[in-house]
Amino acid sequence: MEDTLAGFLVLIQPEVLLYLMIGVVAGLFIGAMPGLNDNIAFAVFIPFAFSMDAANALALMVGVYCATAIGGAIPAIVLRVPGTASSLLSSVDGNAMARQGRASEAISVAISSSVFGGITSAIVLIFLAPLLAAFALRFGPVENFALGVLGLASVVGMMQGSVVKGVIAAAFGLLIATVGFHYGESRYTFGSFYLYQGVSLVPLLVGLFGVAAVLELVEEIVRDRRAGKSIGRFSESIKAVLPNKAMVVRLLPTWVRSSVIGNVIGVIPGAGALIAIYLSYDQAARSYARKLGREEGATKWGEGVPEGVAAPEAANNAVVASSMVPLLSLGIPGNSVSALFIAALEIQGLTPGPLLFQRSVDIAWMIILAFLAANILMGPVAYLMVKSMIRFVYSLPKSVLAAAIGFLCLTGAYAVESTILGVWTALLFGFVGYGFKKMGVPIAPVILAVILGERIESSLFNALQLSDGSWFVFVNPIAHPISAVLLAASLFFIVTPFIKKRRRDAAEDAQSVS
Amino acid sequence: MGFLRQADTYFGLVCLSAGAYLAYLGSGYSGRAGYFPFWLSVAIAVCGAVLVFQALLRPAPKWPDWVEIAPILLGAFPFAAVLSVWVVVLTMGGGYVLPALVCAVALLYIAGERGIVRIAMISALIVVTCYLMFAVVFNVNLPEIAYISDLIRPVRRLIH
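Line by line, the protein sequences are chains A and B.
For the first sequence, the numbering used here gives the first residue as 1, with consecutive numbering after it.
For the second sequence, the numbering used here gives the first residue as 515, with consecutive numbering after it.
Spelled out as C-alpha cells, the structure:
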C-alpha cells in the first residue's frame with residue numbers, strides 16, 4: 001500500500017499530470033493520422049525522454065501509448081482508412097454506420113468501448129504486475145534462460161506467415177546483441193572502437209520502426225498518387241455523443257468478453273493486439289448471430305452493427321496496459337510498443353523487470369497508475385476533441401509527415417548519445433527494417449531478441465557453469481520445474497503453427513479432391 | 515527456373531552467405547565468446563537454405579510488374595538515398611541546417627509536393643522546428659557550422 005501511495009504521489013504532481021495529458025492528446029492525434037501508429041510515435045518520442053525527468057517522460061509515453069489505439073478508430077470510421085493496424089476491423093461496421101449517417105454514434109461506441117477496455121487492462125496491470133514481479137525474483141539463471149527462450153518462442157510462434165523467417169529475425173536480433181566486447185573478446189566490431197559497447201538500442205529501434213515506417217509511407221504516397229487516389233475532404237460535422245443507457249446495456253456483454261480476451265492475450269509476450277482483436281471480433285459476431293441477428297429487420301453483421309465497433313475497440317485497448325504486465329514484472333516486452341518502452345526506461349537509467357519494483361518502486365507504481373489515469377482521461381478528451389481531430393486528419397499532407405518524421409527520427413537518434421554513429425545506426429536499421437518488411441520478415445522478434453539477447457546468453461552460461469556443463473538442468477522437472485514448464489511452453493508455441501499449417505493443408509487437399 | 519522469380523530465393527541466399535560468413539568469424543572467437551555467435555550464424559545460414567529450398571518447391575509466380583515496383587523505385591529508394599546523403603554530409607562536417615534544408619526540398623518533392631514556394635516554406639518549417647527543438651529546447655549539441663552555432667548560442671544560454 002505504501003508503494004502504491006508513493007507512486008500515486010509522483011503521479012499527482014502537476015507537471016507529471018500535464019505530461020500525461022499531453023501524451024493523451026498527442027496520442028489521439030497521432031493515432032488519427034493514417035500512416036502513423038504507436039510504434040512511430042514512440043520512435044519519435046523516445047529521444048525526447050533523454051532530456052526529461054523520468055516521471056514526466058514515462059507519463060508522456062503512457063499517455064501516447066493508451067491514446068493512439070483510440071485515435072486510430074476515427075479515420076477508420078469516417079473514411080474506412082484505419083489510423084492504426086489495431087483499428088482495422090473497426091472500419092468495417094464503423095464505416096458502414098457512418099455511411100448510414102450514424103458516424104457520431106459509431107465514434108461514441110468506439111470511444112466508450114476503448115475506455116472500458118483500457119480501464120479493465122489498467123486494473124489487471126495493477127493487480128498482476130507486482131505479484132508476478134515478486135514471483136520473478138525467485139528466478140535463477142536456469143529460469144531466466146527459459147523465460148528468455150519463452151519470450152522469443154511466443155513471438156516467433158505467433159507470427160503470421162513463415163516461421164522460418166521468424167527464426168531468422170530472432171537469430172538476427174540475438175546476433176546484434178552479441179556485438180561488442182564480451183567475455184574477453186570483441187565480437188563483430190570489425191575493428192571499430194564505437195562498436196565495443198555494442199549496438200545502441202534507441203537508434204536501432206528508431207531505425208527499425210521510425211525510418212522503416214517513413215519509407216513505407218513514401219511508398220504508399222507514390223502508389224496512391226500513381227493510382228490517382230487522394231483522401232477526400234470530409235464535410236459532415238461530427239460530434240461524439242454519450243451512449244444512452246439502452247446502448248450501454250446492449251454493449252456491456254461485448255465489452256466484458258472483448259476486454260477479457262484482450263487482457264489474456266495482452267499478458268502473453270508477443271501475442272499482440274491483432275490476435276485479440278480478431279478473436280474478440282469473431283466472438284462478438286457469433287454472439288450477435290445467436291441473439292440479435294435472428295430478429296426481423298436486424299442489421300447484418302458488417303453492415304453497421306455497434307457490436308462490430310465495440311468488440312475490436314475494447315479488445316485493442318485492453319491489450320495496451322496488460323502488455324505491460326510481462327514488461328514491468330519480468331522484463332519481457334509484451335509487444336513491439338512495450339519493447340520501445342524498455343528503451344525509454346533504460347534512457348532514464350531504470351531496469352525493467354522485478355528489480356524495478358525494488359529499486360524504483362515509486363516510478364514502477366507511477367507507471368501502473370498512469371495507465372489507469374490515462375484511460376480515465378482519454379474518454380472526456382476524446383469526446384471533446386473529435387471535431388478538431390477530424391479537421392486535423394484532413395489538413396496535414398502525408399508528404400510533409402514523411403519528411404518531418406524522417407528528420408525527427410535521425411535527429412533523435414543523434415541526440416541520444418550525441419554521436420553520429422547513432423544516426424548511421426538508425427539509418428542502417430531503417431533500411432534493414434524496410435527490407436525485412438518487403439521480404440515478409442517480422443520485426444517484433446528482432447527487437448525482442450536484441451533486448452533479451454544478453455540475458456539469454458549470460459543466463460545460459462551461468463546455468464551451465466552451476467550444473468558443470470549439464471544441459472539436463474534446463475528440463476529437470478524436480479530441481480527446476482519452472483524452467484521445464486517454460487521450455488515446454490516454448491516448444492508448444494513453436495510447434496503449434498506447423499501443426500495448424502499441416503491441418504490446413506490437409507483440409508484444403510481433401511476439399512480439392514472432393 | 516520459377517524459383518528465380520521469388521524474392522525468397524534471393525533473401526535465402528543472402529541469409530545463407532551472411533550466416534556462413536558470420537559463422538566463420540564466430541568460429542574465431544575463443545571458448546564462451548564464440549559459442550553464441552557461431553550457432554546463431556549457423557541458424558541463419560540453415561534457415562536461408564530452407565527458404566531457398568522452399569522456393570524451389572513452389573510454383574513459379576509472375577515477375578512483379580511496374581505498378582508494384584514503381585512506388586519502391588520512385589518513392590522509397592530515392593527518399594532513402596536523400597536521407598543517406600544528408601547523413602554523409604552531416605558526418606563530413608557540413609553542418610545540420612543548410613544540408614537539411616536542401617535535403618528536405620528533395621524529400622518533399624519525392625513525396626509528391628509541388629510548387630517551389632510551398633516546398634521551400636515547408637522545408638524551412640520542418641528543419642528549423644526540428645533544429646530548434648533539439649538544439650535549443652533539449653540542449654543537444656547538434657553538429658553545426660560555427661556561424662549558425664554562434665547565432666543560437668545566446669538563445670540557448672537564455673533558456674538553460
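Each residue gets a CB set at the ideal place from its N, CA and C atoms; glycine is no exception.
Note that the structure is predicted; figures quoted are calculated from it, not measured.
If you compare the alpha carbons of B:I583, B:S544, B:T605 and B:L536 with that of H182 of chain A, the shortest gap goes to B:S544. Assigned with DSSP and collapsed to three states, F181 of chain A falls in strand.
At a cut-off of 8 Å, the C-beta of F407 of chain A has a neighbouring C-beta in chain B. Across the structure, M389 of chain A and L554 of chain B are spaced so that their CA atoms are roughly 47 Å apart. Contact check between the stretch 162-171 of chain A and the stretch 478-488 of chain A: fewer than three CB pairs, one atom from each, fall below 8 Å, which does not count as touching.
Here R187 of chain A carries a strand assignment [DSSP, helix/strand/coil]. Here L20 of chain A is not near L369 of chain A, since their CB atoms are 8 Å or more apart. When the Cα atoms are used, F145 of chain A and A169 of chain A turn out to be separated by approximately 19 Å.
For E295 of chain A, the three-state secondary structure derived from DSSP is coil.
Taking 4 residues as the shortest admissible run, the stretch 9-89 of chain A contains the following complete alpha helix (DSSP H) segments, listed from N- to C-terminal end: 14-32, 38-49, 54-71 and 73-79. Look at T605 of chain B: its C-beta is under 8 Å from a C-beta on chain A. Interface residue (Cβ-Cβ distance to chain A less than 8 Å): P585 of chain B is classified as such. For I583 of chain B, the enclosing alpha helix (DSSP H) starts and ends at W580 to P585. Fewer than three beta-carbon pairs drawn from the stretch 42-60 of chain A and the stretch 89-99 of chain A are found closer than 8 Å, and the two stretches are therefore not classed as touching.
F652 of chain B carries a coil assignment under DSSP once its states are collapsed to helix, strand and coil. DSSP places N263 of chain A in the helix class (H, G or I) of the three-state scheme. If you check the CB distance, P657 of chain B and G609 of chain B come in under 8 Å. The beta-carbon distance between T178 of chain A and P551 of chain B, rounded to whole angstroms, is 5 Å. This is short enough to meet the 8 Å contact definition.
For the stretch 650-671 of chain B, residues whose beta-carbon sits nearer than 9 Å to a beta-carbon of chain A comprise V651, F652, N653, V654, N655, L656 and P657.
Residues of chain B whose Cβ lies closer than 8 Å to the Cβ of G184 of chain A are, in chain order, S544 and A547. Going by DSSP, K398 of chain A is part of the alpha helix (DSSP H) stretching over K398 to E417. The beta carbon of W424 of chain A falls within 8 Å of a beta carbon belonging to chain B, placing the residue at that interface. Distance from the Cα of I666 of chain B is smallest, within the candidate group B:L565, B:V650 and B:I630, for B:V650. The beta-carbon of S555 of chain B is placed less than 8 Å from the nearest beta-carbon of chain A. Against chain A, the CB of V616 of chain B has no partner CB under 8 Å away; the residue lies outside that interface. Scanning A:Y414, A:I363 and A:V495 for the CA closest to the CA of V654 of chain B turns up A:Y414. Between S186 of chain A and F493 of chain A, the C-beta spacing is not below 8 Å.
Burial check for W365 of chain A: the Cβ neighbour count within 10 Å reaches 16 or more, so the residue is buried. Residue-level contact check: P578 of chain B does not touch chain A, since none of the beta carbons of chain A fall below 8 Å from its beta carbon. The Cβ neighbour count for V642 of chain B, taken over all protein chains shown within 10 Å, is under 16; the residue is labelled exposed.
With respect to the 8 Å criterion, G173 of chain A and V423 of chain A are not classified as neighbours on the basis of their beta carbons.
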